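In UniProt numbering, the protein residues as written are 1 to 496.
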């Protein structure tokens, strides 16, 4: 029989009025780790703390925290700041390496060339188109601020221009990080303090300025926010722009398709896909038409690369056991992971949350991918917060990522190489440890889906005063299962 309609009072997605309307300002009442720490400094915030409650709301507090975190990352990179021609700091040993200044000169930007559309004696920019347009914007700002540009620059002029470009990047990428934190605060109603795990993340301080990934992170975060606010068309546009900057936002379309099928919300999904495709095409078509070979370079670059830094395949290669036909093996394992996630979405006793399934699919991609660059942690971190907002799991995840961050640079710099010239097994261990800590969070999220009473969002600690279904799910929040799933489970039960 079709499932009975869910009444408004019983709908799992409806949020009841909190017993304490300021409960969202009190993470010490909902998270065991924070509660224990709060007791050491006097207990949870009282209801009469009006200054904190009314002036220092969660968004303002966390934007300040995020600013301090980002500034710490800027300070962290000062040892690699080149101001005089001829300086050559050991960026690997000091853990302050960045692609930003290096690629400014090596991809024609310093010479005044536009990515993709201009060519010369340099490699085509190997990033999706919106990242290239972002670099072009930064290049023009750099020139407007007085930086020299063009051929025939002196060594000192090149250093000055590169330093100005890096500073422009620091400002714009910092603004994008604040946008991502703002979106994270607003995505899950009643749980704004979960975004502390993004705002205060040491992994952000470490990796934010390695590359330009914060552009895609900010677009993805705002896309998820738009979807959660039941604006699927806008969500699709933002996620499509995110894919135009980095590939991974496209991965969210898979779990959303199955979640919408399970909940009979395909009209909203259709609007999401239309917005996604239109936004992606608007950004990509000009380059695809005017410079098709340059447009293809990103795709051929990734298809042709072998097992690279950070991947388990790279460790196999270092150990003398390279994997043949790696494209097929990597893609096959990712496809298998997607199938398992799909089965979880369809067969779980209660429809899983969107944020949790988004985490699983991005984690599956990164754990099976041919490369894991240190900044990829920025892709995964916001979904860790949405999927498993518990400080214990955040610490596990963070420890693995920081261990790997140190190990990759010291591996490249030769700091971890044994004196006898043997293999760098500490680096192997770091890759395995990072995979294990990511796997820990995956296991917790899968358990939450199979046993919803363990889900920290759906089963908050006593005192939060709210009953939630899928606050990130937008039109999915509170939706009953479609009749086809009930019929499918009945048929499977009869055959069993």
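Cβ atoms here follow ideal geometry from the backbone N, Cα and C, with glycine treated the same way.
Source: prediction; values computed, not measured.
I believe residue i touches residue j by the beta-carbon criterion, under 8 Å. Please report the beta-carbon distance rounded to the nearest angstrom.
i	j	result
residue 346	residue 184	Their Cβ separation, rounded to whole angstroms, is 28 Å, which puts residue 346 and residue 184 out of contact at 8 Å.
residue 410	residue 92	7 Å
residue 311	residue 482	Contact flag wrong, Cβ pair sits at about 38 Å.
residue 407	residue 430	3 Å
residue 273	residue 236	6 Å
residue 138	residue 165	6 Å
residue 361	residue 255	5 Å
residue 295	residue 284	7 Å
residue 110	residue 149	7 Å
residue 334	residue 368	4 Å
residue 475	residue 232	7 Å
residue 359	residue 383	4 Å
residue 370	residue 330	5 Å
residue 441	residue 396	7 Å
residue 219	residue 241	5 Å
Over what stretch of residues does the alpha helix (DSSP H) that includes residue i continue unbroken?
i	result
residue 499	Since the first residue shown for the chain is 1 and the last is 496, residue 499 is missing from the structure and cannot be characterised.
residue 441	425-450
residue 184	155-187
residue 220	214-228
residue 284	266-290
residue 203	202-207
residue 347	326-347
residue 485	483-495
residue 92	Here residue 92 belongs to no alpha helix (DSSP H), and DSSP marks it neither H nor E.
residue 70	58-76
residue 190	From DSSP, residue 190 is part of no alpha helix (DSSP H); its letter is neither H nor E.
residue 232	232-245
residue 364	354-368
residue 198	196-199
With H, G and I counted as helix, E and B as strand and the rest as coil, what does DSSP make of residue i?
i	result
residue 111	coil
residue 105	helix
residue 17	Since pLDDT at residue 17 reaches only 38, below the 50 mark, its modelled position is unreliable, and the value read off the structure follows with that caveat. It is coil, neither helix nor strand.
residue 404	helix
residue 386	helix
residue 87	coil
residue 136	helix
residue 25	Annotation note: pLDDT 42 at residue 25 (below 50); position unreliable, coordinate value reported separately. In the structure shown, residue 25 sits in a helix (DSSP, three-state: H, G or I).
residue 309	coil
residue 262	helix
residue 41	Its pLDDT being 43, under 50, residue 41 is placed unreliably in this model, and the value from its coordinates should be taken loosely. Here residue 41 sits in coil by DSSP.
residue 119	coil
residue 378	helix
residue 422	coil
residue 82	coil
residue 302	helix
residue 255	helix
residue 416	coil
residue 411	helix
residue 458	coil
residue 476	helix
residue 210	coil
Can residue i and residue j be called in contact, C-beta distance under 9 Å?
i	j	result
residue 322	residue 332	no
residue 350	residue 458	yes
residue 123	residue 151	no
residue 444	residue 390	yes
residue 502	residue 387	Absent from the model: residue 502. The displayed extent of the chain is 1 to 496, so no value can be given.
residue 199	residue 62	yes
residue 215	residue 130	yes
residue 372	residue 381	no
residue 269	residue 251	no
residue 472	residue 228	yes
residue 186	residue 319	no
Flag residue i as yes if its beta-carbon sits less than 9 Å from any beta-carbon of chain D, otherwise no.
i	result
residue 198	Absent here is chain D; the protein component of the structure consists of one chain.
Please find out if some non-hydrogen atom of the ligand SAH comes closer than 8 Å to the beta-carbon of residue i.
i	result
residue 286	Here there are no bound small molecules, and the ligand SAH is not part of this structure.
- Counting Cβ pairs closer than 8 Å, one from the segment 279-286 and one from the segment 334-350, do we hit at least three? No, because fewer than three Cβ pairs between the segment 279-286 and the segment 334-350 fall closer than 8 Å, the two stretches do not touch.
- Query: Is there contact here, the segment 205-222 with the segment 441-452, by at least three beta-carbon pairs under 8 Å?
  - Reply: no
- Taking 8 Å as the threshold, find out whether the segment 93-110 comes into contact with the segment 78-85 through three or more Cβ pairs. yes
- Per the contact definition of three or more C-beta pairs closer than 8 Å, is the segment 394-408 in contact with the segment 372-384? yes
- Do the segment 112-127 and the segment 181-200 touch if we need at least three Cβ pairs shorter than 8 Å? no
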